[in-house]
Amino acid sequence: MPFSSSHRDRGPTSQRWVRASTPEDGPAIVSLMREAGLEPHERPEHMYWKYWREREDWPGSRSFVVTDGSEILAHGALMPGMCRLGDARHRVIHIIDWAARPSEVGTGVLLMKKIGRLADFLLGIGGSKDTLRIMPLIGYRACGTVTGYVRTLSPLGVLKRPARQRWKLAPRIARSALWSMKAPRRRQAGWRALRIGAEEVSRVSLALPTERAGMAVFERNEASLRHLLACPIVPTELYALERADRVGGYFLLSYVPGQARLADCWMNSEEPADWGALVHCAVAQAKRHAGLAELVAWSSDPLLSRTLENCGFHSRLTLPVYLRGSNGLTPPQEILRVQMVENDASYLHLSQDELWA
């Protein structure tokens with residue numbers, strides 16, 4: 006359960022308190038994150054959606070701070086999730102916007118440990134060099150990787166985005182053009198994509214992720230999808246996959262400057278052709294948006310990875326995945342299926358060139 010009140014820590018940091026943040030803390034949180042070298046979301050509506058907007062699966066604030074009573078010394082927010090690991094369902098949270106004042110040694114780790122008590126597992130995906138160095142020291146264990154894939158939508162789209170090294174544009178455009186020409190034609194196997202609004206999310210309720218042999222899957226529900234659709238940071242669209250009046254899957258697209266992201270997807274089938282239809286439908290919908298150079302996706306499970314590669318996607322990055330168990334729990338042996346919605350990857354973006362191709 007979330008913290009119901011301020012919690013005073015005893016010991017060497019006895020003058021430090023961990024408490025849930027409020028919207029009034031917003032400016033101080035932004036200032037702290039900038040001091041730590043991060044680029045925070047500072048618009049009130051963005052912060053409210055991330056930290057304080059009500060969620061059915063997590064009552065109360067999802068943002069916590071360490072304070073000495075007058076100033077905020079560290080901050081961390083969480084993204085809640087539920088996953089069946091082994092024989093039981095477990096609450097899993099991913100910490101985002103984790104920052105501490107450089108002069109306040111240990112406050113960030115203190116906050117991480119306090120937040121960690123609110124769930125069965127803490128999830129970590131990628132991170133800065135400093136974060137990856139610290140994670141094993143505070144109990145995180147490696148449990149696989151997730152691969153980032155990209156498919157070109159418009160080879161010339163890269164010209165519309167700012168780039169640090171302009172001399173690389175010509176090779177990038179040539180490579181993107183080659184990938185685009187080699188990409189297979191759309192094969193939808195009778196499936197069609199229907200855009201679903203927040204008020205219609207129940208239409209995909211029978212096509213949400215379920216456990217698969219040898220693979221742990223994060224749960225989705227109507228409330229979590231509605232929360233994602235309400236994101237004010239980037240446009241987000243939900244599509245149902247329908248064939249013969251039956252909904253068999255869904256996908257979620259988010260849009261950042263120059264790039265579409267396949268933020269989440271699932272097909273109630275283990276047939277490669279059905280998964281291929283989902284990916285081809287996602288590509289077709291992304292192409293409807295002008296000015297996009299590419300569509301990107303994450304995959305940590307073999308079926309989706311093969312499907313993306315067969316649909317013209319190319320591997321561009323690999324991120325480590327970590328879990329930290331509470332109360333003696335250990336990470337499972339199964340493959341852990343993660344998507345961009347497990348953390349902030351579906352909406353996080355900067356103003357500089359972030360294209361993958």
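Residue numbers (the numbering used here): 6 to 362. Ideal Cβ placement from N, Cα and C applies to all residues, glycine included. Remember, it's a predicted structure, so these values are computed and weren't measured experimentally.
Taking a C-beta distance under 9 angstroms as the contact criterion, residue 115 and residue 21 qualify as a contact pair.
The three-state reading of DSSP puts residue 41 in coil, since its state is none of H, G, I, E or B. The residue among 84, 103, 161 with its C-alpha nearest the C-alpha of residue 97 is 84. DSSP places residue 188 in no alpha helix (DSSP H); its state is neither H nor E. In this structure, residue 130 and residue 343 form a Cβ contact; the two beta carbons are roughly 6 angstroms apart against a cut-off of 8 angstroms. The beta carbon of residue 317 sits closer than 6 angstroms to those of 156, 188, 189, all from its chain and outside the five residues before and after it, given in chain order.
Residue 95 sits in a strand when the DSSP states are folded into three classes. Within the DSSP secondary-structure output, residue 242 pairs in a beta bridge with 258.
Secondary-structure assignment with DSSP links residue 87 through a beta bridge to 96. One alpha carbon belongs to residue 281, the other to residue 199, and they sit about 16 angstroms apart.
Assignment of beta-bridge partners to residue 128 by DSSP yields 99, 328.
Relative to residue 283, the option among 294, 296, 269, 295 whose CA is nearest is 269. Of the other Cβ atoms in all chains shown, fewer than 16 fall within 10 Å of the Cβ of residue 186; this residue is therefore exposed.
The C-beta distance from residue 233 to residue 267 rounds to 13 angstroms, too long to meet the 8 angstroms contact threshold. With a threshold of 16 other beta carbon atoms within 10 Å, residue 183 falls short and is exposed. For residue 149, the enclosing beta strand (DSSP E) starts and ends at 146-157. Around the Cβ of residue 55, a 10 Å sphere holds 16 or more other Cβ atoms; the residue is buried.
Counting only the Cα atoms, residue 94 lies some 7 angstroms from residue 87.
Inter-segment contact for the stretch 143-158 and the stretch 328-336 is present: three or more beta-carbon pairs are separated by less than 8 angstroms.
Residue 236 sits in coil when the DSSP states are folded into three classes, being neither helix nor strand. Nearest C-alpha to residue 255 among 278, 230, 249, 277: 230.
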